[in-house]
């Protein structure tokens, strides 16, 4: 009998919604099919289809609906509704005293209720959860959260939406209560805590006491019509007025619907950017009027616009504290929840109110509510998987005057026991795992067998690997990505450890907005920092990304972090690995180990699907800039890598460039512009990346760009079929490497038990289809988040290396060496001693004989590579020489032993067996460094020139035999 699916928790937000579940002793926030853990609360309709989430938000028509939460349970004559009608790009009409949306399908107006729109969002959350559990699993039960100040009518409307979505809503839980539950399991004992929850459309504040395992809510306060949407709207109003004043045109939402949506979207984006940047830009083409509009918005100006709203939130605090019977000095923790708490002015005003008290940012403000909802859902269905960590939750009706609390909701006065598996915070910082990616980076930590992938200050668990400079200050991540192209640096991973002459470096630098210069034979990055430019090593740029991830971990853990495991592509050579270690040191990290990315992913997958049976899995890791494949066997705690392969220069960035080149040709054809300026070029590049992402879920993607320098509006459109055609050779290259590694592992395709997808580029449908076909139609596994799997495994490896006995019992790792190691023999041929893909640690011995009569010594250099002739391989600049007895050719001999340990240290021992004469030498990873790209180039050349190598070797052998030399 199949196990019943767990109950889920849903944060049904005004602007974004989140779904979560408590299973396997932890809470999981579930990502949607676009890889995001937050889904826009948008629904859109065309004549033949409906859309939910990001796809709906991007449709931007009069049939694109949002803010249903602001309509649930309200009357049409509500005063707040009248204000909202002015800013909405859709139509809301009075239907018997209640508000309903009006949409037009096939030319016919239709009415649709807010409950129906909310139900479609809830159904999308339900489907997201079901897909993560497996398609055969239907989710029926859910806890849905609402603002604490929702009245009975609004709560009932939420229940109705749940039923329409096919859900049994087992409880309605107050949002700040849910957030308190998420926070409280890690909070210190005996604390009085204030939850400050400022989201997209509502504001809640709650005071509660935590005494051991008892949670007691003292008072609620809030505003059901105060949040990020209001900040967007006031900025939108200002921009529309400014356009009318400067351009002499009034944007009409009926006649300029697409432009209206675009301006609204840019206002939301500017608000988000101003949380980390001093200024942001609105840049839009007013298509009906043939004019461009550009406006710089400073943080100070935005704060002045919104200060009345901020003050409204702060003014609620004294009344709530009074009702709770506590003073602000008695509040131990002020916990931030909701995306709008990232606004610096909100934080400074809140901190000022509490006389400078440090604000608690330990929980992800976007996910805390859903986290608590999942805990409550698990408790209500009797989940005992975390028995032993029980919490008593007591919530009393808010004593603040206002709407009556709904009876029978999750905020009932009787205590409920909640199971939790979240361990208490520790004062000492554990080691972290870092996936230092080409386009995005991720940080995670493993404590007591539980891995947390840590969200940054923007609420995202992936941080763009971008660094930018403005007025002498550095920015990392989303903030850096939003700065002008002339100040921005990315793709540092593609420069780490590479020489200036590397062909990929020379090709890539044509597409970068920053300068890449040569210094002492290696590339250096030159970028505008103030009014002047400065030069940086790639290691320095990567160190800035690593330092940002380190700070993210420290904020989460509440203490210092000094140790890390960092991942690299399996085919990174020794010089690239050493450069990664150097970047870590610059960032103030002790790099405990460098681990291969597919190996880290295998660890994450193996721990997620624990089994004692032996399984052979195939890891297919296609990320933003690199591609790796590995064949791994897992049996219990034993992880053995059979073979690895890949390409250090194949990934999502290359697909973006193909699209970019396609549209550059189109721009030249349509507008006569042969080369865009730097800013326009980077806008196009960003649009290409977005189009690529859209095509993973849509048949076509389109957007409109306004290139202000040329005063032109460019409509970018591409179908999935065209994209697949543009990138077809790159996809085929990945499949060729897949075939090659299977041959290396000596494993037939039919023997692979699971094909595991890792890396964001594995979301591309064509890649999945080609891979599935290669494995005979086998279903591809997506049970682990492809963006987070590598960091997850790195965190586990870090815990093992730090001596975590619990985790050490779960993981025993054996990796492989990517290239063959050997010596030169007569005729300058390459004799392999340790073949590529040999398991590490390993030791091999080969016997070599003299080739000349009465030869008195045998000497050779050490090489790394895959070609038959040493001239085509990489010399490690170490040589042994051992005396041998003078004897006829072929009688004197030496035994050469190569030993490679788990840290990459190669020990070479040469012994003459009759006299015992010997020589011993060691080669570290740094000494064995190859030129950038050499690992991949060596393998590819070896494959391409296999026949040529064989012919060259046979020619040498004929010459040696003609000379009567022993071969």
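Numbering (full-length UniProt numbering), first residue to last: 1 to 967. Backbone N, C-alpha and C define an ideal beta-carbon position, used for all residues, glycine too.
The alpha carbon of residue 294 has as its nearest neighbour, out of 705, 93, 886, 885, the alpha carbon of 705. With contacts defined as CB atoms closer than 8 Å, residue 870 and residue 898 fail to qualify as a contacting pair. In the three-state reduction of the DSSP assignment, residue 652 falls in the helix class. Taking a contact as a CB-CB distance under 8 Å, the pair residue 629 and residue 616 does not count as one, their CB atoms being some 13 Å apart.
In the structure shown, the three-state DSSP call for residue 314 is helix. Judged by DSSP secondary structure, residue 222 falls within the beta strand (DSSP E) whose first and last residues are 214-223. By the Cβ test, the region 194-205 is in contact with the region 336-345, since at least three Cβ pairs between them sit closer than 8 Å. Nearest C-alpha to residue 239 among 276, 832, 258, 263: 263. Annotation: the continuous alpha helix (DSSP H) that includes residue 729 extends over 728-745. Taking each of 304, 431, 624, 678 in turn and checking the Cα distance to residue 487, the smallest one comes out for 678.
Residue 863 and residue 911 have their C-alpha atoms some 19 Å from each other.
Note on geometry: alpha-carbon atoms of residue 520 and residue 499 lie some 9 Å from one another. In the three-state reduction of the DSSP assignment, residue 199 falls in the coil class. Residue 621 carries a strand assignment under DSSP once its states are collapsed to helix, strand and coil.
Distance from the Cα of residue 650 is smallest, within the candidate group 546, 761, 177, 554, for 761. Taking C-beta separations shorter than 6 Å and ignoring five residues to either side along the sequence, residue 664 has no partners in its chain. Note that the region 744-756 does not touch the region 710-724; fewer than 3 beta-carbon pairs, one per stretch, sit closer than 8 Å.
With fewer than three CB-CB distances shorter than 8 Å, the region 632-643 does not count as touching the region 678-697.
Remark: C-beta atoms of residue 235 and residue 270 approach each other more closely than 8 Å. Scanning 243, 230, 653 for the CA closest to the CA of residue 305 turns up 230. With respect to residue 257, residue 61 sits close: the two C-beta atoms are nearer than 8 Å. Contact check for residue 330 and residue 192: beta-carbon distance about 6 Å, within the 8 Å limit, so the pair qualifies. Burial state of residue 132 is buried, judged by a 10 Å Cβ sphere holding 16 or more other Cβ atoms. Rounded to whole angstroms, residue 298 and residue 794 show a C-alpha spacing of 40 Å. The alpha carbon of residue 160 has as its nearest neighbour, out of 194, 121, 183, the alpha carbon of 121. By alpha-carbon distance to residue 40, the top candidate from 59, 30, 15 is 15.
Under DSSP, residue 823 takes part in a beta bridge, and its partners are 831, 862. As for any alpha helix (DSSP H) of minimum length 4 sitting wholly inside the region 525-562, the runs are 538-557, ordered along the chain.
With at least 16 other beta carbons inside 10 angstroms of its own, residue 446 counts as buried.
Distance check between residue 545 and each of 510, 560, 576, 463 places 463 closest, using alpha-carbon atoms only. For residue 874, the uninterrupted beta strand (DSSP E) run begins and ends at 874-883, by DSSP. Following the DSSP letters along the chain, one finds residue 444 inside the beta strand (DSSP E) bounded by residues 440-447. Shown here, residue 477 sits in coil according to DSSP, grouped into three states, outside any helix or strand.
The DSSP assignment places 152-164 as complete runs of the alpha helix (DSSP H) inside the region 141-180, in order along the chain (cut-off: 4 residues).
Comparing C-alpha distances from residue 54 to each of 374, 547, 17 shows the shortest one belongs to 17. Shortest Cα-Cα distance from residue 107 to any of 517, 490, 48, 162 involves 48.
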